[in-house]
Amino acid sequence: MHTQDFPQLASVEHIEKGFESHGYICSRKIATAVFLSFQLRKPVLVEGPPGVGKTELAKTTAVLLETPLIRLQCYEGLDEAKALYEWKYGKQLLYTQVLKEKLGDLLQGATGLAESVERLHQFGDIFYSEEFLEPRPLLKAMQQEKGAILLIDEVDKADYEFESLLLEILSDYQISIPEIGTVKARTTPMVFLTSNNTREISDALKRRCLHLYIPFPTVELEERIIRSRVPDVDEQLRHQLVEFVHSLRQLDLKKIPAISETIDWARSLLLMHADKLDEELVRSTLNVLLKYEDDIDTTEAEVRNLIQSSAADGQSA
Amino acid sequence: MQSNLVNFVQVLRTHDIRVSPAESLDAVEVAASLGYSDRSLLRDGLAMTLAKTPEEEVIFLQCFDQFFQQKLADFANVETHDEQEKEPSSAAVDDDAQEATDFADAQVSALEQSAQDNPMLEALLQTPLMQSLISNDRNDLTLAMNQASEQVGLQNIQMFTQKGQFTRRILDALGEEHIRKAVIELEQADSPALPILQRYRDILREQVRDHVEREYLIQAEGKTQQFMDDILSKTRLNNIEHVYMHKVQALIRKMAKKLASRHSRKRKLLKRGQLNMAKTLRKGIPNDGIMFNTYWRQVRKDKPQILAVCDVSGSVAAYAKFLLLFLYSVQDVLPKVRSFAFSSHLGEVSDYFNDYPVEKAIELVNWKYGGATDYGNSLLDFAKLAMDDINSNTTVIILGDARNNHGDPKLEILQSIYQRSRQVIWLNPESRRSWGSGDSEMKRYQSACHFSSECNNLKQLERIVDQLLKSTR
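Residue numbers (the working numbering), protein chains in the order written: chain Y, 2 to 318; chain H, 202 to 674.
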């Protein structure tokens, strides 16, 4: 991808604005990462707690650039055949059966074995050509004419061996297929890798990437996010609910509510026509924010305190 | 600026951030495409290429602030420092600067006046050092400082304790003793020029101190840390002072990470007897459907189980702590660690480690099971609790000094464990020489172990865990 093709990515400020117009409010750091990734043609390894918008970042970039998003979801046991390419076995088999009869015509008039083999050689490896190749996400991303956003989601879930497979693709943007040769990317795709840190990513992979850590947002940023995602929420309520979620994150919880949960909660409050937080309301909607029974139990005891403190903050602000 | 970046990378490396040459090239590119005008932008950009984990990023930010703060410090400001304090509302910068020069001029003339009736001061004012101080010539002064530091070998600075020493030596090389002498003389003469000269002296000292500090940061800070780590890993564990405990823990984590990454590859086994039909068919297609090669189902081998049995009585508690810390730090590659603690009786403590962070769990274990040792009784308890789970995949690690207070050692239990398990490893913090002396039953227990070793510092511990990881796969 070239700079002149994408004025949206001309500078960090442009990216910030562009993202904002598509409803993705980001910190300066995130915009810088996207900018650098584009300039240096390096993949971005995005880490952070679940639900802070790691996957969303890649999606929004795709929307912003109007390029296709190709997504590869990683899981344990993911292998070449599912990530890179596979031969269309069925088609190959069918063709060999169908073409069997043709063989007779082809070899007519050939005298001796040597000549027959000679004739057959003229056809090359027709069954191992691109027509019989089933591209999987990684190869597909290389084949896109106008570039693409390649999202390799939750790379930490894949096996260690799979990372090595990625190395060639991420540094040279090419894939080696033994039967065909090296396939180079037509246009360098922009690559995002996400990781939830369930295990350490190998140094070799890290070295090839820009490293972006997305933490939970600040109160101001989260309010902006809510404003853009759920614009109908009243300003005071918005401030109060963001403050509430922030103080929730201070508690000792199994699963800390992330941005996506805050958005869901704001939406549900809107549906319930709430204009301010009260105990009853919070208790009845806690299950939107918290996903574990234990967490809900822990929080229920604290609800009153949390509401009071977030209300106090709301007034002072 | 590029050499600055290279220096900065050097600083990062000494602070334990691994930066490869390719990454420093990336950093140069980043700097080129972001420009140097926006400091925070540059910082974020560099952080993305150079720091690879959130922990590294924290270190990176510290280094960045320290490094570039100092590089950019303008030392002309030192001169006008006093005036700025008097007039904090320095809105009219030009005025201030003007005043400052006026003030400096006044001082110089005051100095010169008193020099007229003091030949020594007169001579001092003529020295190049004093000249450059008075005229506030940064280039001259920096040049002189660099020459002086080369002369005294500042690039060899190793320890932070050497900072004072090097500062002194550089000052001497610069010829600061003349100023010092003059100050003393002026003091005796009670001259009005005294505070002025003192101020110049302080400025000089401050500059040199900063200079040394900067050089130390580049050359040595990381080295000191490595030196420290090295010493700590060779010290007997129960001799390590409490203040260093957190350092040891960090060190253990580092070692564990190294071992974990070395051993983290899972092993695949071919399980004969189960045909992978789909794969065999597919691979047969090029041969016109003839299944030429057969393919078999693969299974992952069961991960080994480790039972760690630790003596937590007073004499061995410190070691138990480190062993457990180590074992639980390599959990990525050893997912099935069960731990038991004993002194007079034995109990399973794995739950503590599941419920609490490792440090906290160790505290709890010590508190619950500490006391006088009884190996016989504890082995009996262990057999009751875990004997059924011991199979050919199990490694039993026992950590203890085998000092049984002359009780019944119950060797037969250990022998049956020996027969059922994959291996029994005994780690003894005492040195081999004292095994079997006094009430130590080590010689007898040793006969029922696959492997026994002394283990009293981190280096040995690391070696043992490494071996363990090798042998359990």
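Heads up, the beta-carbon is just placed ideally off N, CA and C, and yes, glycines get one too.
* Asked: For Ala542 (chain H), which beta-bridge partners are listed by DSSP?
  -> Residue numbering aside, residue 542 (chain H) sits at position 341 when the second sequence is read from its first letter. Under DSSP, the beta-bridge partners assigned to Ala542 (chain H) are H:Cys511 and H:Gly548.
* **Continuous alpha helix (DSSP H) stretch holding Lys484 (chain H): start and end** => Locating residue 484 (chain H) in the second sequence gives position 283, where the first residue counts as 1. First-last of the alpha helix (DSSP H) with Lys484 (chain H): Met478 to Gly485.
* Asked: Could you check where the beta strand (DSSP E) with Lys185 (chain Y) kicks off and where it finishes?
  -> Here residue 185 (chain Y) refers to the residue found at position 184 of the first sequence. Gly182 to Lys185 is the extent of the beta strand (DSSP E) around Lys185 (chain Y).
* Kindly list, in the order they appear in chain H, the residues whose Cβ is closer than 7 Å to that of Gln40 (chain Y). => The residue you call residue 40 (chain Y) lines up with position 39 of the first sequence. Neighbours of Gln40 (chain Y) on chain H, chain order: Ser234.
* **Any C-beta of chain Y under 9 Å from that of Thr481 (chain H)** => On the second sequence, position 280 is the one that residue 481 (chain H) refers to. It does not; no Cβ of chain Y falls within 9 Å.
* Going by alpha carbons, who is nearest to Ser172 (chain Y) out of Y:Met143, Y:Asp157, Y:Lys158 and Y:Pro179? -> Reading the first sequence from its first residue, position 171 is the one you call residue 172 (chain Y). With distances taken between Cα atoms, Ser172 (chain Y) lies closest to Y:Met143.
* Asked: Nearest CA to the CA of Ser196 (chain Y): which residue from Y:Ser12, Y:Tyr76, Y:Ile71 and Y:Tyr25?
  -> Numbered from its first residue, the first sequence carries residue 196 (chain Y) at position 195. Comparing Cα positions, the closest option is Y:Tyr76.
* Member of Y:Leu278, Y:Arg208 and Y:Val192 whose CA lies at the smallest distance from the CA of Ile71 (chain Y) -> Residue 71 (chain Y) sits at position 70 when you count from the first residue of the first sequence. It is Y:Val192 whose Cα lies nearest to the Cα of Ile71 (chain Y).
* Asked: Counting contacts by CB-CB distance shorter than 9 Å, is Asp245 (chain H) in contact with chain Y?
  -> Taking the first residue of the second sequence as 1, we reach residue 245 (chain H) at position 44. Taking a beta-carbon distance threshold of 9 Å, Asp245 (chain H) counts as an interface residue toward chain Y.
* To do: Could you pull out every unbroken beta strand (DSSP E) segment of at least 3 residues lying fully inside the segment 52-138 of chain Y, listed in chain order?
  => 70-74, 86-88 and 134-136
* Asked: According to the Cβ coordinates, are Ser544 (chain H) and Thr574 (chain H) closer than 9 Å?
  -> Taking the first residue of the second sequence as 1, we reach residue 544 (chain H) at position 343. Taking the first residue of the second sequence as 1, we reach residue 574 (chain H) at position 373. Yes, Cβ-Cβ distance for Ser544 (chain H) and Thr574 (chain H) is below 9 Å.
* Asked: Does the beta carbon of Leu273 (chain H) sit closer than 9 Å to a beta carbon anywhere in chain Y?
  -> Numbered from its first residue, the second sequence carries residue 273 (chain H) at position 72. For Leu273 (chain H), the pLDDT reaches just 43, beneath the cut-off of 50, and the residue's location in the model is therefore unreliable, although a value from the coordinates is still provided. With 9 Å as the cut-off, Leu273 (chain H) does not count as an interface residue toward chain Y.
* Name the chain Y residues that come within less than 8 Å of Lys253 (chain H), Cβ to Cβ? -> Residue 253 (chain H) sits at position 52 when you count from the first residue of the second sequence. By Cβ distance, chain Y contributes Asp204, Lys207, Arg208 and His212.
* Asked: How is Leu307 (chain Y) classed by DSSP in three states: helix, strand or coil?
  -> Taking the first sequence and counting its residues from 1, one reaches residue 307 (chain Y) at position 306. Three-state result, Leu307 (chain Y): helix.
* Asked: Using a Cβ-Cβ distance under 9 Å, would Asp590 (chain H) count as near chain Y?
  -> For the purposes of this step, residue 590 (chain H) is taken as the residue at position 389 of the second sequence. By this cut-off, Asp590 (chain H) is not an interface position.
* Asked: Under three-state DSSP, which class holds Glu201 (chain Y)?
  -> Position 200 of the first sequence holds residue 201 (chain Y). Looking at Glu201 (chain Y) - three-state DSSP - the assignment turns out to be coil, as it is neither helix nor strand.
* Helix or strand or just coil, what does DSSP make of Leu10 (chain Y)? -> Residue mapping note: residue 10 (chain Y) aligns to position 9 of the first sequence, counting from 1. Here Leu10 (chain Y) sits in helix by DSSP.
* Asked: Can you name, in chain order, every residue of its own chain whose Cβ lies under 6 Å from the Cβ of Ala603 (chain H), other than the five neighbours on each side?
  -> What you label residue 603 (chain H) is simply residue 402 of the second sequence in a count that begins at 1. Excluding positions up to five away in sequence, the list reads Ser641, Glu642, Met643 and Tyr646.
* Can a CB atom of chain Y be found closer than 9 Å to the CB of His216 (chain H)? -> Locating residue 216 (chain H) in the second sequence gives position 15, counting from the first residue. So, not an interface residue.
* Check whether the Cβ atoms of Arg230 (chain Y) and Gly24 (chain Y) lie closer than 9 Å to each other. => Start at 1 with the first residue of the first sequence, and residue 230 (chain Y) comes out as number 229. Start at 1 with the first residue of the first sequence, and residue 24 (chain Y) comes out as number 23. Cβ distance < 9 Å, so Arg230 (chain Y) and Gly24 (chain Y) count as in contact.
* Does DSSP classify Lys256 (chain Y) as helix, strand or coil? -> Position 255 of the first sequence, counted from the start, is the residue given in the question as residue 256 (chain Y). It is coil, neither helix nor strand.
* To do: Mind checking who Glu48 (chain Y) pairs with in its DSSP beta bridge?
  => As a working mapping, residue 48 (chain Y) is identified with position 47 in the first sequence. In DSSP, Glu48 (chain Y) forms a bridge with Y:Ser196 and Y:Tyr214.
* Assign Leu659 (chain H) to one of three DSSP states: helix, strand, or coil. => Position 458 of the second sequence, counted from the first residue, corresponds to residue 659 (chain H). It is helical.
* To do: Compute the distance between the beta-carbons of Glu162 (chain Y) and Lys458 (chain H), then report whether it is under 9 Å.
  => As a first step, residue 162 (chain Y) must be located in the first sequence, where it is residue number 161. As a first step, residue 458 (chain H) must be located in the second sequence, where it is residue number 257. The answer is no: Cβ separation not under 9 Å.
* Under the rule that 16 or more other beta-carbon atoms within 10 Å means buried, what is Leu471 (chain H), buried or exposed? -> In the second sequence, the residue the question calls residue 471 (chain H) occupies position 270. Low per-residue confidence applies at Leu471 (chain H): pLDDT is 49, beneath 50, and the placement is therefore not dependable enough to give any value.
* Hey, is Pro396 (chain H)'s beta-carbon within less than 9 Å of any beta-carbon in chain Y? -> As a working mapping, residue 396 (chain H) is identified with position 195 in the second sequence. Taking Cβ atoms only, chain Y never reaches closer than 9 Å to Pro396 (chain H), which makes this a no.
* To do: Would you tell me roughly how many angstroms separate the C-alpha atoms of Glu416 (chain H) and Val210 (chain H), rounded to the nearest one?
  => The residue labelled residue 416 (chain H) in the question sits at position 215 within the second sequence. The residue labelled residue 210 (chain H) in the question sits at position 9 within the second sequence. Going from the Cα of Glu416 (chain H) to the Cα of Val210 (chain H) covers about 14 Å.
* **Pro255 (chain H) beta carbon less than 9 Å from that of Glu48 (chain Y)** => Along the first sequence, one-based indexing puts residue 48 (chain Y) at 47. Along the second sequence, one-based indexing puts residue 255 (chain H) at 54. It is a contact, given that the beta carbons lie within the stated cut-off.
* To do: Look up Ile563 (chain H) in the DSSP assignment and say whether it is helix, strand or coil.
  => To locate residue 563 (chain H), count along the second sequence from 1; it is residue 362. Reduced to three states, the DSSP call for Ile563 (chain H) is helix.
* Asked: Would you report the Cα separation of Gln363 (chain H) and Leu312 (chain H), rounded to the nearest angstrom?
  -> For this step, residue 363 (chain H) is matched to residue 162 along the second sequence. For this step, residue 312 (chain H) is matched to residue 111 along the second sequence. If you take the alpha carbons of Gln363 (chain H) and Leu312 (chain H), they lie about 35 Å apart.
* Asked: Since Ile486 (chain H) meets chain Y, which of its residues come closer than 7 Å, beta carbon to beta carbon?
  -> Residue 486 (chain H) sits at position 285 when you count from the first residue of the second sequence. The answer, in chain order, is Tyr90, Gln93 and Leu94.
* Quick one: what's Val625 (chain H) bridged to in DSSP? -> Taking the second sequence and counting its residues from 1, the one referred to as residue 625 (chain H) is at position 424. Note: Val625 (chain H) sits in a beta bridge opposite H:Val597.
* For Asp154 (chain Y), the three-state DSSP class (helix, strand or coil) -> The residue you call residue 154 (chain Y) lines up with position 153 of the first sequence. Strand.
* Asked: Of all the CB atoms in chain Y, is at least one closer than 9 Å to the CB of Arg498 (chain H)?
  -> As a first step, residue 498 (chain H) must be located in the second sequence, where it is residue number 297. False, the Cβ-Cβ gap to chain Y never drops below 9 Å.
* Residues of chain Y with a CB under 8 Å from the CB of Met492 (chain H): which are they? -> Taking the first residue of the second sequence as 1, we reach residue 492 (chain H) at position 291. Within chain Y, no residue comes near Met492 (chain H); the closest Cβ sits about 13 Å away, beyond 8 Å.
* Take Leu322 (chain H) as the anchor and find which of H:Lys561, H:Pro610, H:Gln399 and H:Ser653 has the nearest alpha-carbon. => Taking the second sequence and counting its residues from 1, one reaches residue 322 (chain H) at position 121. Per the Cα distances, H:Gln399.
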